[in-house]
Amino acid sequence: MNQLVSDPAFWSRVQFGFTLTYHYLFPQLTMGLAWFIVYWKWRALHTGDENYNVAARFWAKIFGLNFAVGVVTGIPMEFQFGTNWADFSRYAGGVIGQTLAMEGMFAFFMESAFVGALIWGEKRLGPRVHFLTALLVATGSWLSGYFILVTNAFMQHPVGYHLAADGTLGVASLSAYLSNPWALVQFAHNQTAALVTGSFVVTAVGAFYTLRGLHPTQSKFYLRAGTLVGLIAALLVAFPTGDQQAKIVGRHQEVTLAAMEGKFKGGDIAGVALIVFWRHRLPDIILPLC
Amino acid sequence: MLILWCLLLRTMALEVGGHINDRLWQQFWDFVFVVSSFLLAVLFGAAAGNVARGVPIDRSGTFSMAFFTDFNVRGYVGLLDWYTVSVAACAVVLLGAHGATYLTLKTEGPVHDRSAVLCRRLWIAAIPLIFIVSVETLFVRSNLLREGLANPLFWLGMIVVIASVWMLVSGIRRYQEMRIFVGSNSLIIGMLATGGATIYPVMLLSTVSPEYSLRAEQAASSANTLESALFWWPVAFVMAASYFVFISRRYSGKVSVRRDTQGYY
């Protein structure tokens, strides 16, 4: 244990894990909220009901705040690829650098160019273009998620790469790399989870307003949209997306699935474990994962 | 890491400064915004100076640097020396002039008038500073001029720089805001392009020994990776440029406090 604590790699992992976890709280919410804003902008456009615009404006402000904090917390993460994992970046940068750059060029530029217009540009843009702006922000945020998940999927299940003469990795097939089956499954699971987060936050604000007797029309909008999307997304996050995610983990990383399910002894048949207690000591299987 | 801190503080100041209607709170975050923005200009300038001067890459192909050593530009140099400090000072004045030019173009009233005065003063300071830093660069890396003269892109960049300076000077004389802004943009682009064309193919010069320098072919990814990037990058670039054009056209003209707030109310 002392050896572990005195190992700089251990602390680098702790630092990176903290940065990653803290950062992820924000994009998870913005990816979920983005489509609520699109929905309310679309309803405002088609019904002419100003209340939908009020809802969109309120949530666009919350989106903007979370987007800014998401960017701020995301920058250290990219820096830490260099400061904490320089050798990994040198080895795999030819592959993962592609999607990180694509995320910046295709998604982040789209999202950041239009988020300002979404929050401050309603008068300048007019209702139709403002709706389009909301749509582009939502598309940008989900596209951003896809490129980051492709990068992560490569680290879990590498495809479409080749080993160059200098011992580093390069892209052999961009299409294979971008359509990594792991990434597709992970994206579906992750985005439905983002919708769960977004809808729970929307529902919570609606419930708070209702309990306080504030903004009755708005609270009705938030509760109706939040609970409906929340219910559908919560079902989808479990099945089929969560199921497919677990199956692909089982196909390519048996040990990871065993750890996820709390199975620390081999056998022909694995029962379902709902709650796992470690009574004596940390199972041997966990130690290599620490 | 210093750049990271400045980027974080700058974004935080922008984001949280306006959320509490308290004078002390807002002034504190305005102060944080000014200091972090100023330091960013200093750090970007110092970084550009380090790229131009070189860094102490050793036989292993790596380098580590102290914040400063003996302020000389040869051997085991530090992040700051007389050359990188002067590039940083030039960058602060140049970026300040560029920012004041943009504010003059986009604002009206007292902010416009103050920006116009600053714009004029800062450009008067920036142009001689750019000349001084260029002469210093020739002293620090004497081979650059010889290599640049043989490079057609260097000449192209120089034409852009000279045309930009002419636009700036004539724009300031005639009080033409758009002319100054176009001149300011093209001057920065021309200087970066000239610098890039001149130092190529050395990406990072070693101040320890030229043979340890990092060259473009060593720093490049594999051919397949570069081909993939060449395939998607032009598409992405056109898309990003189109957003920029769209937003610029929609937000053309002076900023109006009444018009550029949220909603229709």
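These protein sequences, in sequence, are chains U and W. As numbered in the working numbering, residues 1104 to 1393 make up the first sequence, in order. As numbered in the working numbering, residues 1236 to 1500 make up the second sequence, in order. Glycine residues also receive a C-beta, built at the ideal position from the N, C-alpha and C atoms.
Practice item. Determine the burial state of E1446/W: buried for a count of at least 16 other Cβ atoms within 10 Å of its Cβ, exposed for fewer. Key: Sequence index remark: in the second sequence, residue 1446/W carries index 211 (1-based). The residue is exposed, with fewer than 16 neighbouring Cβ atoms inside 10 Å.
Check your understanding: Between the region 1278–1289 of chain W and the region 1427–1443 of chain W, do at least 3 Cβ pairs fall closer than 8 Å?
Key -> Taking one beta carbon from each stretch, the region 1278–1289 of chain W and the region 1427–1443 of chain W have 3 or more pairs nearer than 8 Å; the two touch.
Check your understanding: Relative to chain W, which residues along the region 1248–1265 of chain U have a C-beta separation below 7 Å, given in chain order?
Key -> H1265
Exercise for review: Consult DSSP for S1487/W and reduce its assignment to one of helix, strand or coil.
Suggested key: Counting from 1 along the second sequence, the entry for residue 1487/W is found at position 252. Here S1487/W sits in coil by DSSP.
**Study point:** H1333/W - containing alpha helix (DSSP H), residue span
**Key:** By one-based count along the second sequence, residue 1333/W stands at place 98. W1317 to K1341 is the extent of the alpha helix (DSSP H) around H1333/W.
Check your understanding: Which residues, in chain order, does the region 1171–1185 of chain U contribute to contact with chain W at a C-beta distance below 9 Å?
Key -> Here the close residues are A1171, V1172, V1174, V1175, T1176, I1178, P1179 and F1182.
Check your understanding: Taking the Cβ atom as the reference point for each residue, do I1178/U and L1239/W lie within a distance shorter than 9 Å?
Key -> Walking along the first sequence from the start, residue 1178/U turns up at place 75. Walking along the second sequence from the start, residue 1239/W turns up at place 4. Using a Cβ distance threshold of 9 Å, I1178/U and L1239/W count as a contacting pair.
Check your understanding: Mind pulling the chain U residues with CB within less than 7 Å of Y1486/W?
Key -> Translated into positions along the second sequence, residue 1486/W becomes position 251. The contact set of Y1486/W on chain U, defined by CB atoms closer than 7 Å, consists of R1227 in chain order.
Review point. Which word fits D1265/W, buried or exposed, when buried means at least 16 other C-beta atoms lie within 10 angstroms of its C-beta?
Key: Here residue 1265/W is taken as the residue at index 30 of the second sequence, counted from 1. So D1265/W ends up on the exposed side.
Exercise for review: Name the one or two DSSP bridge partners that L1272/U has.
Suggested key: Taking the first sequence and counting its residues from 1, one reaches residue 1272/U at position 169. L1266/U.
Check your understanding: Shorter than 9 Å from the beta carbon of E1250/W to some beta carbon of chain U?
Key -> Taking the second sequence and counting its residues from 1, one reaches residue 1250/W at position 15. Interface residue, yes.
Review point. Name the DSSP bridge partner or partners of R1450/W?
Key: Taking the first residue of the second sequence as 1, we reach residue 1450/W at position 215. Answer is V1437/W.
Point to revise | Rounded separation between A1171/U and E1153/U - CA only | key: On the first sequence, residue 1171/U is found 68 positions in, with the first residue counted as 1. On the first sequence, residue 1153/U is found 50 positions in, with the first residue counted as 1. The alpha-carbon atoms of A1171/U and E1153/U are separated by roughly 27 Å.
Check your understanding: Going along the chain, which residues of its own chain have a beta-carbon closer than 7 Å to the beta-carbon of A1195/U, five neighbours each way excluded?
Key -> What you label residue 1195/U is simply residue 92 of the first sequence in a count that begins at 1. Excluding positions up to five away in sequence, the list reads L1272.
Check your understanding: Are any of the Cβ atoms in chain W nearer than 9 Å to that of A1237/U?
Key -> In the first sequence, residue 1237/U corresponds to position 134, counting from 1. Taking Cβ atoms only, chain W never reaches closer than 9 Å to A1237/U, which makes this a no.
Review point. Nearest to L1168/U by alpha carbon, out of Q1183/U, T1133/U and M1180/U?
Key: Position 65 of the first sequence, counted from the first residue, corresponds to residue 1168/U. The option with the nearest alpha carbon to L1168/U is T1133/U.
Check your understanding: Would a check of beta-carbon distances place L1277/U closer than 9 Å to chain W?
Key -> The sequence position of residue 1277/U within the first sequence is 174, counting from 1. By this cut-off, L1277/U is an interface position.
**Study point:** C-beta contact flag for I1140/U and A1112/U at 9 Å
**Key:** Along the first sequence, one-based indexing puts residue 1140/U at 37. Along the first sequence, one-based indexing puts residue 1112/U at 9. No, the Cβ-Cβ distance between I1140/U and A1112/U is not below 9 Å.
Point to revise | Rounded separation between M1426/W and V1417/W - CA only | key: In the second sequence, counting from the first residue as 1, residue 1426/W sits at position 191. In the second sequence, counting from the first residue as 1, residue 1417/W sits at position 182. If I take the Cα positions, the gap works out to 14 Å.
Check your understanding: First and last residue of the alpha helix (DSSP H) that includes Q1289/U?
Key -> Position 186 of the first sequence, counted from the start, is the residue given in the question as residue 1289/U. Counting along the chain, the alpha helix (DSSP H) containing Q1289/U begins and ends at P1284 to R1315.
Exercise for review: Please check if any C-beta of chain U sits within less than 9 Å of the C-beta of I1482/W.
Suggested key: Against the second sequence, residue 1482/W aligns to sequence position 247. At least one CB of chain U lies nearer than 9 Å to the CB of I1482/W.
Exercise for review: For N1459/W, go through chain U and note every residue whose CB falls closer than 7 Å to its CB, in chain order.
Suggested key: Counting from one through the second sequence, the residue named residue 1459/W turns up at place 224. The contacting residues are H1265, G1273, V1274 and A1275.
Review point. Hey, is F1263/W's beta-carbon within less than 9 Å of any beta-carbon in chain U?
Key: The residue given as residue 1263/W occupies position 28 in the second sequence. It does not; no Cβ of chain U falls within 9 Å.
Point to revise | Start and end residues, alpha helix (DSSP H) containing A1282/W | key: Taking the second sequence and counting its residues from 1, one reaches residue 1282/W at position 47. R1258 to R1288 is the extent of the alpha helix (DSSP H) around A1282/W.
**Study point:** Minimum C-alpha distance to V1174/U - residue among S1463/W, R1381/W, Y1410/W and M1247/W
**Key:** Along the first sequence, one-based indexing puts residue 1174/U at 71. Among S1463/W, R1381/W, Y1410/W and M1247/W, the Cα nearest to that of V1174/U belongs to M1247/W.
Exercise for review: Have a look at V1299/U and H1347/W and give me their C-alpha separation to the nearest angstrom.
Suggested key: Locating residue 1299/U in the first sequence gives position 196, counting from the first residue. Locating residue 1347/W in the second sequence gives position 112, counting from the first residue. C-alpha separation (whole angstroms): 47 Å.
Check your understanding: Is it a yes or a no for the region 1348–1364 of chain W touching the region 1378–1387 of chain W, going by three-plus beta-carbon pairs under 8 Å?
Key -> no
Check your understanding: Would DSSP call T1209/U helix, strand or coil?
Key -> Position 106 of the first sequence, counting from 1, holds the residue named residue 1209/U. The residue asked about is misnamed: residue 1209/U is Phe in this sequence, not Thr. In this structure, F1209/U counts as helix in the three-state DSSP scheme.
Check your understanding: Do the CB positions of G1333/U and F1367/U come within less than 9 Å of each other?
Key -> Locating residue 1333/U in the first sequence gives position 230, where the first residue counts as 1. Locating residue 1367/U in the first sequence gives position 264, where the first residue counts as 1. Not a contact, by the Cβ cut-off of 9 Å.
Review point. Which term fits L1277/U, buried or exposed, when burial requires 16 or more other beta carbons within 10 angstroms of its beta carbon?
Key: In the first sequence, counting from the first residue as 1, residue 1277/U sits at position 174. Classification of L1277/U: buried, given that the 10 Å Cβ count is 16 or more.
Point to revise | CB contact below 9 Å: D1152/U versus chain W | key: As a position in the first sequence, residue 1152/U is number 49, starting the count at 1. Judged by the 9 Å Cβ criterion, D1152/U is not in contact with chain W.
Check your understanding: So is R1450/W buried or exposed if we call it buried at 16+ other beta carbons inside 10 Å?
Key -> If you number the second sequence from 1, residue 1450/W lands on position 215. Around the beta carbon of R1450/W, fewer than 16 other beta carbons lie within 10 angstroms, which makes this residue exposed.
Exercise for review: Would you verify that the beta carbon of W1260/W is, or is not, closer than 9 Å to some beta carbon of chain U?
Suggested key: Locating residue 1260/W in the second sequence gives position 25, counting from the first residue. No, W1260/W does not count as interfacial toward chain U.
Exercise for review: Give the single residue among H1355/U, K1144/U, V1108/U and H1292/U whose Cα lies nearest to the Cα of A1241/U.
Suggested key: Locating residue 1241/U in the first sequence gives position 138, where the first residue counts as 1. It is K1144/U whose Cα lies nearest to the Cα of A1241/U.
Point to revise | Opening and closing residue of the alpha helix (DSSP H) in which V1370/W lies | key: For the purposes of this step, residue 1370/W is taken as residue 135 along the second sequence, with counting starting at 1. Segment P1345 to V1375, the alpha helix (DSSP H) holding V1370/W.
Point to revise | Residues bridged to F1529/W [DSSP beta-bridge criterion] | key: This structure cannot settle anything about residue 1529/W, because the visible part of chain W is limited to 1236 through 1500.
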